[in-house]
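Below: one structure, written as structure tokens.
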């Protein structure tokens, strides 16, 4: 086996080794590496010295290559080295040529997985890297072309463009990682180039279904009448205009009911920035009931073992029971549509939704300066969701 020459009796030089190279070249003779006396050993050409390429060139196992054949191969390699060729780099390049896309996907995933917080996003990544690009996984990554990528992703692009764009972004990140390690020289999953090749999608992207904002006052009494943590989590999500993950994994210690604030840590935010939610009286009453006498822990604990919150399906199941054709995330759109129709300040509404508006300095200022304005907007939203009986709009579902 190849490696540094051990200084013990387990390594010998093959008889009939090639003549010593000129001193200025310092090419070691063909060596025969053997890990133990019972093993067949292998032939390796070693090149050392201050000038020119250096390295070890594994020729083959002594069980497969005769000594004479090994000497002839070594002589040819030595002649090429004499001419200034780097045979060692060539062999390393050939080895990189055999690195497959699948292997790179798996290695990249080991590095990328810890950066994802959402189990759903992790599942989407795994599916994308292992299933969507399955047809190309066994191909050397250096030989994957933009034609290959186009051929695989085009059917997805024409049916579900949003999914196709995510798959392309995932693959592009794998290629950028591979380029950093010199496994390939270019990125055939470059989104800007692929979009020109793929053209206009035949089917438009469908946005997440939202309940019309005018139907919200009639929906809320039905939701409040529903039992279970899923219904309470959905109610809090609507009152605060927060995302599903932000609500499901909420912890008791994040709430300051005296200050009427909920501080969501950056590890659970889409933008990786701490988000402060101003709590309305309706939200505080709901949270206080859920907390009870507890000081720490999940606000919406799951039924299984461990410190895990309720799942996405728990909240979706509430909508199915109520036979409402919309998604949990869609209620953020309901809030935004209501705000736009009722002349609420756009920048304040965007801050309520934790959307990034303006540069970093402006956003840092607004997070503090707009607290009062955000509280006013969310209080108006809460009052709209719980009007007097005479103002309730009938909801046909």
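In this note's numbering, the protein residues as written are 65 to 461. Glycine is no exception: its CB is placed at the ideal position from the N, C-alpha and C atoms.
- Note that the C-beta distance between residue 351 and residue 325 is not below 8 Å.
- Looking at the backbone, the Cα of residue 188 and that of residue 441 are separated by about 35 Å.
- The DSSP-derived three-state label of residue 375 is coil.
- When the alpha-carbon of residue 135 is set against those of 109, 147, 152, the nearest one is in 109.
- Around the beta carbon of residue 339, 16 or more other beta carbons sit within 10 angstroms, so the residue counts as buried.
- With a cutoff of 8 Å on beta-carbon distance, residue 214 and residue 165 are scored as not near each other.
- Taking the Cα positions, residue 405 is about 20 Å away from residue 390.
- If the five residues before and after residue 355 are omitted, its C-beta is found closer than 6 Å to the C-beta atoms of 316, all from its own chain and listed in chain order.
- One Cα belongs to residue 287, the other to residue 309, and the distance between them is close to 19 Å.
- Here the region 249-263 makes no contact with the region 288-308; the two share fewer than three CB pairs at distances below 8 Å.
- Closest by C-alpha distance to residue 174, out of 345, 241, 367, 336, is 241.
- By the neighbour-count definition (other C-beta atoms within 10 Å, threshold 16), residue 199 is an exposed residue.
- A check of alpha carbon separations from residue 435 across 238, 343, 376, 236 identifies 343 as the nearest.
- DSSP places residue 341 in the uninterrupted beta strand (DSSP E) bounded by 339-342.
- Residues of the same chain with a CB within less than 8 Å of the CB of residue 290, apart from the 5 flanking positions on each side, are 382, 385, 386 in chain order.
- Going by beta carbons, residue 346 and residue 298 fall outside the 8 Å limit.
- Just measuring C-alpha positions, the residue of 243, 395, 341, 194 sitting nearest residue 276 is 395.
- Restricting attention to 169, 261, 281, the CA atom closest to the CA of residue 239 is found in 169.
- Residue 328: member of the beta strand (DSSP E) spanning 325-328, first to last residue.
- For residue 316, there is no enclosing alpha helix (DSSP H), as DSSP marks it with neither H nor E.
- Closest in alpha carbon position to residue 402, among 393, 445, 192, is 445.
- By the 16-neighbour rule on beta-carbons within 10 angstroms, residue 130 is exposed.
- Bridge partners of residue 362 according to DSSP: 315.
- Under the three-state reduction of DSSP, residue 443 is assigned to helix.
- Distance from the CA of residue 300 to the CA of residue 311, rounded to the nearest whole angstrom, comes to 7 Å.
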